[in-house]
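Residue numbers (our numbering), protein chains in the order written: chain H, 146 to 497; chain W, 4 to 283.
Right, one structure below, let's go through it.
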Amino acid sequence: MRILLDKFSKSFGTTKVIEDLTLEVADGEMLALLGPSGCGKSTTLFAICGIHKVTGGRILFGDRDVTDLPSQARSVGVVFQSYALYPHMTVAENIAFPLQVKKVAPDQIKREVDAIAALVHIENLLGRRPAELSGGQQQRVALARALVRKPDVLLLDEPLANLDAKLRLEMRSEIRRIQLETGITAILVTHDQVEAMSMCDRIAIMNAGEIVQLATPTEMYHNPRTAFVAGFLGNPPIAFLRGTAKDGGFALDNSDIRLPLPAGTLSPADGSKLTLGIRPEDFGPLGDIAIPGKIAFVETQGRENLYDVRLADGSMLRSIQPVRGDIAVGNEVAWSASGAKVMVFGEDGARL
Amino acid sequence: MATQTQVSANFKSWPVILALAIVSLPLIVMYLYFFIDTITDSAPGSLIPNAITFRHWDFLWQARGNRPSIWPVALNTLVFATTVTIIVLLVSSTAGYVLSRLNVPGRGFFLAGVMVLHAFPSVTLIVAIFLVLQMVGLYNSLIGVILVKAALEMPLGIWLMKGFYDTVPWEIEMAGIADGASRFTVFRRLVLPQVRPALMALGLFAFLSSWSEYILPQVLAPGAKAQVLSVYLASLIADDNNFDLSLFKAVGVFYIIPVLILFLFFQKHLMNIYGGGSKG
Ligand SMILES: Nc1ncnc2c1ncn2[C@@H]1O[C@H](COP(=O)(O)OP(=O)(O)O)[C@@H](O)[C@H]1O
Ligand SMILES: [Mg+2]
Numbered sequence: 146m147r148i149l150l151d152k153f154s155k156s157f158g159t160t161k162v163i164e165d166l167t168l169e170v171a172d173g174e175m176l177a178l179l180g181p182s183g184c185g186k187s188t189t190l191f192a193i194c195g196i197h198k199v200t201g202g203r204i205l206f207g208d209r210d211v212t213d214l215p216s217q218a219r220s221v222g223v224v225f226q227s228y229a230l231y232p233h234m235t236v237a238e239n240i241a242f243p244l245q246v247k248k249v250a251p252d253q254i255k256r257e258v259d260a261i262a263a264l265v266h267i268e269n270l271l272g273r274r275p276a277e278l279s280g281g282q283q284q285r286v287a288l289a290r291a292l293v294r295k296p297d298v299l300l301l302d303e304p305l306a307n308l309d310a311k312l313r314l315e316m317r318s319e320i321r322r323i324q325l326e327t328g329i330t331a332i333l334v335t336h337d338q339v340e341a342m343s344m345c346d347r348i349a350i351m352n353a354g355e356i357v358q359l360a361t362p363t364e365m366y367h368n369p370r371t372a373f374v375a376g377f378l379g380n381p382p383i384a385f386l387r388g389t390a391k392d393g394g395f396a397l398d399n400s401d402i403r404l405p406l407p408a409g410t411l412s413p414a415d416g417s418k419l420t421l422g423i424r425p426e427d428f429g430p431l432g433d434i435a436i437p438g439k440i441a442f443v444e445t446q447g448r449e450n451l452y453d454v455r456l457a458d459g460s461m462l463r464s465i466q467p468v469r470g471d472i473a474v475g476n477e478v479a480w481s482a483s484g485a486k487v488m489v490f491g492e493d494g495a496r497l
Numbered sequence: 004m005a006t007q008t009q010v011s012a013n014f015k016s017w018p019v020i021l022a023l024a025i026v027s028l029p030l031i032v033m034y035l036y037f038f039i040d041t042i043t044d045s046a047p048g049s050l051i052p053n054a055i056t057f058r059h060w061d062f063l064w065q066a067r068g069n070r071p072s073i074w075p076v077a078l079n080t081l082v083f084a085t086t087v088t089i090i091v092l093l094v095s096s097t098a099g100y101v102l103s104r105l106n107v108p109g110r111g112f113f114l115a116g117v118m119v120l121h122a123f124p125s126v127t128l129i130v131a132i133f134l135v136l137q138m139v140g141l142y143n144s145l146i147g148v149i150l151v152k153a154a155l156e157m158p159l160g161i162w163l164m165k166g167f168y169d170t171v172p173w174e175i176e177m178a179g180i181a182d183g184a185s186r187f188t189v190f191r192r193l194v195l196p197q198v199r200p201a202l203m204a205l206g207l208f209a210f211l212s213s214w215s216e217y218i219l220p221q222v223l224a225p226g227a228k229a230q231v232l233s234v235y236l237a238s239l240i241a242d243d244n245n246f247d248l249s250l251f252k253a254v255g256v257f258y259i260i261p262v263l264i265l266f267l268f269f270q271k272h273l274m275n276i277y278g279g280g281s282k283g
């Protein structure tokens, strides 16, 4: 079911957390709310599920205005970061709880619990208590409990944050599989760009209570609207060079390095502050804008090596390349950036 | 077993046990005689019993002299302790929840007030309570003492329960609400079970404290109708005319047996109150 946040605002007392946020999630879509800690992601999520009353604006599920409906009347499934399983109930009782509250007949409850348990692969755990489950299993139970009522919307608040790296990888695809199989509209809150990029159809990236950009992962990665977005997506992250505009080119601060601005950039006024963003994969032996520097650090990642290159002004560029043995810390290198991929940001962080 | 050997490897345990035994010997002897004296007779001035008898226990089947039979008194005590326990549990479990979770106006003030009430020695209140009970016509009635005792037990209970509710994660309640349960269902089915150990402990505390309460019933309900065991027991030694120490001891044993039984069965839960936490 489509979700629409229309000029939604939320404040706690005098602290304004969200102001006039508008966001539409299409039916059956999985959308990521991505942003740094404290930017208001959970607040938005809890407003959608009705745990927080909104201070302004409207929330629509489909065409139904649910702004003033209590959580119980909204039909949302929520998965919490801590899973919030009921510790005194078995897995089966946990999953059955939402149905019991709805006064569904016991034999039907049993059937639905079994069906959902099969979907999330926990058939053999139904008799256990949450304390007897691993993190990944608890996560599956929480998903099952959220989905058993066949809610209109599935909300996930940092569902993978408490898992170790390997389980996180596994649950990433599991959650996506389950979302696709059920076709449910889902919102995933996360501060991890890898999760957002790998699991979702679109990403809404938030900063300080505002949505900075809303786009598909690929679009957002290659075409970030601001330096904040560019810096948030990508691992290893993008490197920034600070400088000023000079004669239609870029003068790196505290050095005599001059770089041409990539074609297609509107020429900024001379003397205005600029930031260049260069992703690690766009800087290496093959580019067309030469930037000389010195290797400061080599990080072995197995298949690839990550090189930190220190420029004359002390700033750092990163380059990721297939493993090669001919480069060591301290070597002078003359690598180049691919001009078409270099991003230019103005003083306010907006892309030029 | 492994820990046992480790411990005894570090130091010998028998000297400690011996020292403890010697120190607690007077206590043990006292309790022993407390019990032995109720089923034996001994010559005046002698500590050695010379005959076994059950005549000190005859208060169980016949009323002695002008004293009431023990059974109505025991029933009174049971009703008193049970009702107080129920009231304390009902009020503490709900009030503690409200203070822990809901944004009631004057919450801080209320919490401080409850704390002060708890710190207040109840004896200092007794004259005022006496007057109030007389005014509302509850003097010399079981209901009157029950209300007073419950009121005095409550502050501790409310604070205790608030502390336990504080340890229940908010997310559990949020999950319940999102699962479609009403606030009350969430409280009853999701939150209350988490604080069950606390409720058990508090209930036991309230029961034991009421069972052994003496001052309140003595002052507020001394009449024969509302008499409880502690008051009955006290009247035995107050009675100078037919003073019977063995009877006093027998009634004493009768009085503490339920306490001992409760303690045996529930000591784990009692310990819980100090351990805190909702793991249970
Ligand atoms: N119940 C609350 N009362 C007051 N402030 C809150 C409350 N919940 C969240 N906040 C504030 O709102 C901001 C956003 O919080 P949150 O939505 O939890 O961020 P996150 O994006 O990390 O999930 C934070 O600055 C937080 O301090
Ligand atoms: Mg959060």
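Idealized CB from N, CA, C, for every residue including glycine.
Not a single CB atom of chain W sits nearer than 9 Å to the CB of residue 318(H). Proximity of the stretch 318–331 of chain H to the stretch 284–302 of chain H meets the contact definition, three or more beta-carbon pairs being nearer than 8 Å. At a cut-off of 9 Å between beta-carbon atoms, residue 164(W) makes no contact with chain H.
Under the 10 Å beta carbon count, residue 442(H) is surrounded by fewer than 16 other beta carbons and is classified as exposed. Listed along chain H are 227 and 229, each with a C-beta nearer than 8 Å to that of residue 172(W). The Cβ-Cβ distance between residue 305(H) and residue 337(H) falls below 9 Å. Taking 9 Å as the threshold, the shortest C-beta distance from residue 216(H) to chain W falls below it. Under DSSP, residue 480(H) shares a beta bridge with 436(H). Going by C-alpha positions, residue 461(H) is about 31 Å away from residue 311(H).
Counting along the chain, residue 255(H) sits inside no beta strand (DSSP E); it lies in the alpha helix (DSSP H) bounded by residues 251–264.
Positions of the alpha helix (DSSP H) runs, each at least 4 residues long and wholly inside the stretch 272–345 of chain H, are given as 280–292, 310–327 and 338–344 in order along the chain. Residues lining ligand 1 by the Cβ criterion, that is a Cβ closer than 5 Å to any of its heavy atoms, are 157(H), 162(H), 182(H), 183(H), 184(H), 185(H), 186(H), 187(H) and 188(H) in chain order.
The CB of residue 243(H) comes closer than 7 Å to the CB of 182 and 183 in chain W, given here in chain order. The shortest C-alpha to C-alpha distance from residue 224(W) to any of 249(W), 79(W) and 111(W) is the one to 79(W). As the crow flies, the alpha-carbon of residue 257(H) is around 22 Å from that of residue 281(H). Within chain W, the residues placing a beta-carbon under 9 Å from that of residue 294(H) are 182 and 183, ordered along the chain.
Leaving aside the five residues that flank residue 225(H) on each side, the residues in its chain whose CB is nearer than 6 Å to its CB run, in chain order, 302. DSSP, read as helix, strand or coil, puts residue 61(W) in helix.
Judged by DSSP secondary structure, residue 169(W) falls within the alpha helix (DSSP H) whose first and last residues are 145–169. Each of 269(W), 232(W), 243(W) and 240(W) was checked against the Cα of residue 258(W), and the nearest Cα belongs to 232(W). Contact with chain W is absent for residue 345(H), since none of that chain's Cβ atoms lies less than 9 Å from the residue's Cβ. When DSSP states are grouped into helix, strand and coil, residue 212(W) belongs to the helix group. Here residue 240(W) has 246 and 251 as same chain residues with Cβ atoms under 8 Å from its own Cβ, once five neighbours each way along the sequence are excluded. For chain H, the residues of the stretch 187–204 of chain W that bring a beta carbon within less than 9 Å of one of its beta carbons are 188, 192, 193, 196, 197 and 199, in chain order.
The beta-carbon of residue 206(H) is placed no less than 9 Å from the nearest beta-carbon of chain W. Beta-carbon to beta-carbon, residue 419(H) and residue 384(H) are separated by about 14 Å, too far to satisfy the 8 Å threshold.
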